[in-house]
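Below is one structure; the comments refer to it alone.
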Amino acid sequence: MILLSDEEYTQIEDLAGAGYGTNKIAMYLDVPYRDFMKEWNKPNSKVRYHYERGILKVDANAGMKLAENAMSGNITAHQQLEKVRRGQLLAELKKKYIYGEEEINGLQS
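When we follow full-length UniProt numbering, the leftmost residue of the sequence shown carries the number 1, and every step to the right adds one.
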């Protein structure tokens with residue numbers, strides 16, 4: 001088990017959002033990679049939560065900016081937004097049919 005401070009969980013979010021993988025984040029935090037991955041793989045892992053939250057925050061901010069540009073009439077932004085939406089739906093369908101997860105877009109199947 002590794003003990004991390006709130007600041008370190010924030011660093012996990014920031015690094016994950018910047019595209020760094022688990023190996024580099026463990027190195028940045030000066031935590032043994034094996035211990036980091038043990039935490040990562042636990043159900044309801046706080047490490048995993050903050051890693052995925054960091055990615056989501058960056059993606060959501062970019063998506064909101066893209067939506068704002070699309071609403072202002074930017075055709076290219078609208079096309080990109082549609083592509084993002086299709087990608088998100090595909091990812092949700094993969095979760096359901098390949099990995100057996102029951103929820104799609106917050107709806108139970």
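Note that CB positions come from ideal geometry on N, CA and C, so glycine has one too.
By the 16-neighbour rule on beta-carbons within 10 angstroms, I12 is buried.
For the pair Q88 and Y20, the Cα-to-Cα distance works out to about 21 Å. Around the beta carbon of I25, 16 or more other beta carbons sit within 10 angstroms, so the residue counts as buried.
Per DSSP, the unbroken alpha helix (DSSP H) holding K57 starts and ends at 46-71. At the C-beta level, I2 and D35 come within 7 Å of one another.
Shown here, Y99 sits in coil according to DSSP, grouped into three states, outside any helix or strand. Put simply, the backbone Cα of E39 is about 25 Å away from that of A60.
DSSP places M27 in the helix class (H, G or I) of the three-state scheme. Within the model, the alpha-carbon separation for E7 versus Q80 is close to 34 Å. The Cβ-Cβ distance between A70 and H78 falls below 7 Å.
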